[in-house]
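Participant: In this text, residue positions in the sequence shown follow our numbering: the first is 3, and each later residue adds one.
Backbone N, C-alpha and C define an ideal beta-carbon position, used for all residues, glycine too.
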Amino acid sequence: IDTAYGDVFARCCGDADDPLLLYVHGSGPKNSSMMWNELVMDVSRLAKERGGASLPKKFFHVAIDCPGYGRSPGDRQTIRNYPGGLISSIVKALGRRSAAGLIGSSQGACAVFNCMLECPDVA
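Okay, here's the thing in structure tokens:
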């Protein structure tokens with residue numbers, strides 16, 4: 003994904019036309035988009051089983067490697083220093099105005115919360 007902060011690698015699952023769920027990992031030395039594999043499969047199954055009139059039955063899941071982690075080049079401080087800018091840039095690069103949900107773990111959760119303070123319309 004080409005963003006204002008450089009290229010960001012993403013693992014995607016689902017149809018790009020479905021509501022977007024964006025996953026942001028924590029800061030451990032081996033953390034990457036891979037940590038979300040099981041959760042993405044669980045959410046997909048539950049949405050299919052329980053979605054309906056008021057809840058989506060499918061999502062477009064995008065799990066990123068934050069800059070400097072996994073397959074994304076760049077500075078690891080980017081997600082800490084510019085959470086709103088980076089996350090909103092990713093959402094826009096995916097052709098969206100907003101995401102249906104932002105999911106974070108550890109540092110990723112902090113980034114998601116800070117993003118919502120900086121850019122409340124992103125989700």
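Could you have a look at Val64 and say whether DSSP puts it in helix, strand or coil?
Facilitator: What you label residue 64 is simply residue 62 of the sequence shown in a count that begins at 1. DSSP places Val64 in strand when its eight states are reduced to three.
Participant: In terms of alpha-carbon separation, which member of Arg73, Gly97, Gly72 and Leu104 lies closest to Pro85?
Facilitator: As a first step, residue 85 must be located in the sequence shown, where it is residue number 83. Out of Arg73, Gly97, Gly72 and Leu104, Leu104 has the C-alpha closest to the C-alpha of Pro85.
Participant: Taking Ala12 as part of the beta strand (DSSP E), name the residues at either end of that continuous run.
Facilitator: The count along the sequence shown starts at 1 and reaches residue 12 at position 10. Start and end: Ala12 to Cys15.
Participant: According to DSSP, which residues form a beta bridge with Val124?
Facilitator: Reading the sequence shown from its first residue, position 122 is the one you call residue 124. Val124 is not bridged to any residue.
Participant: Taking the C-alpha atoms as reference points, what is the distance between Tyr7 and Asp67?
Facilitator: The count along the sequence shown starts at 1 and reaches residue 7 at position 5. The count along the sequence shown starts at 1 and reaches residue 67 at position 65. Their backbone Cα atoms lie some 13 Å apart in a straight line.
Participant: Based on the DSSP output, what are the partners of Val26 in its beta bridges?
Facilitator: Position 24 of the sequence shown, counted from the start, is the residue given in the question as residue 26. DSSP output for Val26 lists Ile66 and Gly106 as bridge partner(s).
Participant: Give me the Cβ distance between Pro21 and Phe62, rounded to the nearest whole Å; I'm assuming they're in contact under 8 Å.
Facilitator: Your numbering for residue 21 matches position 19 in the sequence shown. Your numbering for residue 62 matches position 60 in the sequence shown. Rounded to whole angstroms, the Cβ separation of Pro21 and Phe62 is 7 Å, and the two are in contact under 8 Å.
Participant: In chain order, what residues of the same chain lie with their CB nearer than 7 Å to the CB of Ile98, ignoring the 5 residues before and after it?
Facilitator: Your numbering for residue 98 matches position 96 in the sequence shown. Per the sequence shown, the amino acid found at residue 98 is Arg instead of Ile. If we look at Arg98 and ignore the five residues flanking it on each side, its Cβ neighbours are Leu22.
Participant: Leaving out five residues on either side along the sequence, give the residues of the same chain with a beta carbon under 8 Å from the beta carbon of Gln79.
Facilitator: Counting from one through the sequence shown, the residue named residue 79 turns up at place 77. Here the set comprises Gly70.
Participant: Give the C-beta separation of Gly87 and His27 to the nearest angstrom, bearing in mind that I take them to be a contact with Cβ-Cβ under 8 Å.
Facilitator: For this step, residue 87 is matched to residue 85 along the sequence shown. For this step, residue 27 is matched to residue 25 along the sequence shown. Contact doesn't hold; Cβ gap of about 18 Å is too wide.
Participant: With distance defined between alpha-carbon atoms, name the residue in Gly106, Lys94, Ile89 and Arg52 nearest to Met37.
Facilitator: Locating residue 37 in the sequence shown gives position 35, where the first residue counts as 1. Per the Cα distances, Gly106.
Participant: Short of 6 Å in beta carbon distance, which residues of its chain neighbour Lys50, apart from the five on each side in sequence? Order them along the chain.
Facilitator: Mapped onto the sequence shown, residue 50 falls at position 48. Cβ within range, chain order: Lys59.
Participant: Starting from Ser56, follow the alpha helix (DSSP H) in both directions and report where the run begins and ends.
Facilitator: Position 54 of the sequence shown, counted from the start, is the residue given in the question as residue 56. Ser56 -> no alpha helix (DSSP H), and no H or E assigned at all.
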